[in-house]
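Okay, so here's the structure we're looking at.
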Amino acid sequence: MLAADPDPLAADVRRDVVAWFDVHARDLPWRAHDRTPWGVLVSEVMLQQTPVVRVEPAWRAWMDRWPTPADLAAAPTADVLRAWDRLGYPRRALRLQECARTVVEQHGGDLPDDEAALLALPGVGAYTAAAVRAFAFGRRSVVLDTNVRRVLARVAAGEALPAPAQTVAETRAAAAWVPDDDAAAARWAAASMELGALVCTARAPRCDACPVADRCRWLAAGRPVDAHAHRRRTQAWTGTDRQARGRVMALLREAIAPVPHDAVAAVWPDAAQLARCLDALVADGLVVRDEPSGDDPDPSATTYRLPG
DNA sequence: AATCCGGGGCG
DNA sequence: CGCCCAGGATT
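Counting in UniProt numbering, the first sequence runs from 1 upward without gaps.
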């Protein structure tokens, strides 16, 4: 397979974005000199759909409590879910602990550095595997998150926003922008993400502060509106299963003893929906249901708690 | 490719 | 109140 023709913009854009990053990079704890590969992975999992400002304090507390995969692997799952607190999508916390246990059992407690082994870890997908390779191990990889997608959509494709779904063609185009050299590729990954997070933002891009404004095809075209706007649909929230599940998880995180079914029912008005959500939470491993034993169990004696 | 999965803060 | 946030797993 032939490599795609290099974008004539790429070399200059990379140089200017990396130079900008050298000056403007945020001082985030998972970028500190004393960081560990495991700490980088923890940050990436926490950052999956949760903003940096909310992750930073949680990450500090988490790494102080469980600095290594072995520490997290040995923790009670209830403690892990409580420490996850309100970062959202608590299945990520379960996956992270499963990941820690896999690292201990299959990799001697040290995070692997090859793509396939990283992708095989629970909760690690294409983005996270690439990010860990670049940021923890300084290796070349195609790091394509929502920030890089937006930067490339604007600078290279001249579009306001990337398509709702990532395509193979987009991944291939992004790969063509990644330098061959390991260290240069890792710097481009970090710099392009940071530009998307701080300057080339989704809502109000600060083109006046952009190091590549004079090379941006979207800006040159007069900042045309989003071509996919008519297809975007906001995810509903009020009254959804996700809200109900969140209520239950919040209740169980606070509880110091198993919670009777009636007390769980008090946090959600729709009994049928709550029953469905509780079944799903139990199936997901986020909640444990304790049934009263005996031949004639009393359903009202059923209790719920966090696992482990 | 489409859905589901939390939660909060900002314009 | 819509929209966005360093996505992943499942179907």
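Where is the CB? At the ideal position from N, CA and C, for every residue including glycine. As the structure is a prediction and not an experimental result, all values here were calculated from the model.
Within the model, the alpha-carbon separation for Ala265 versus Glu194 is close to 44 angstroms. In this structure Arg187 does not touch Val259 by the C-beta definition: roughly 49 angstroms separates them, more than the 8 angstroms allowed. With a cutoff of 8 angstroms on beta-carbon distance, Trp177 and Asp7 are scored as near each other. Non-local beta-carbon contacts of Ala221 in its own chain, meaning distances under 7 angstroms to residues more than five positions away in sequence, involve Gly158 in chain order. With a 10 Å radius around the Cβ and a threshold of 16 neighbouring Cβ atoms, Thr238 comes out exposed.
The beta carbon of Trp268 sits closer than 8 angstroms to the beta carbons of Ala244, Arg247, Val248, Leu274 and Cys277 from its chain, once the five residues preceding and following it are set aside; these are given in chain order. Relative to Asp226, the option among Gln106, Ala160, Arg139 and Thr167 whose CA is nearest is Ala160. Sorting Ala272, Ala184, Pro211 and Arg15 by C-alpha distance to the C-alpha of Thr240 places Ala272 at the top. In the DSSP assignment, Arg187 falls within the alpha helix (DSSP H) that extends over Asp182 to Leu198. Here the region 162-170 does not lie against the region 109-118, with fewer than 3 beta-carbon pairs under 8 angstroms apart. Ala131 is not a Cβ neighbour of Ala100, given a cutoff of 8 angstroms. The Cβ atoms of Thr128 and Val55 do not sit closer than 8 angstroms to each other. In the structure shown, Val288 falls within a strand segment according to DSSP collapsed to helix, strand and coil.
Residues Gly158, Glu159, Ala160 and Trp218 of the same chain have their beta carbon placed closer than 8 angstroms to that of Pro224, with the five preceding and five following residues left out of the count. Excluding five sequence positions before and after Leu281, the CB atoms of its chain that fall closer than 7 angstroms to its own CB belong to Arg245, Val248 and Val287, given in chain order.
One thing to note: Pro205 has its Cβ no nearer than 8 angstroms to the Cβ of Val212.
Comparing alpha carbon positions, the residue from Ala173, Pro162, Pro292 and Leu41 closest to Pro69 is Leu41. Per DSSP, the beta-bridge partners of Pro260 are Thr303. Comparing C-alpha distances from Arg133 to each of Trp66, Pro112 and Asp71 shows the shortest one belongs to Pro112. Inter-residue distance for Asp64 and Pro179 is about 35 angstroms (C-alpha atoms, whole angstroms). Taking the Cα positions, Pro57 is about 32 angstroms away from Asp279.
If you ignore the 5 residues before and after Trp62, its C-beta comes within less than 8 angstroms of the C-beta of Val42, Met46 and Ala83, all in its own chain and listed in chain order.
For Glu159, there is no enclosing alpha helix (DSSP H), since its DSSP letter is neither H nor E. Rounded to whole angstroms, Gln97 and Ala156 show a C-alpha spacing of 39 angstroms. Contact annotation: Arg139 and Cys216 have beta-carbon atoms that are not nearer than 8 angstroms.
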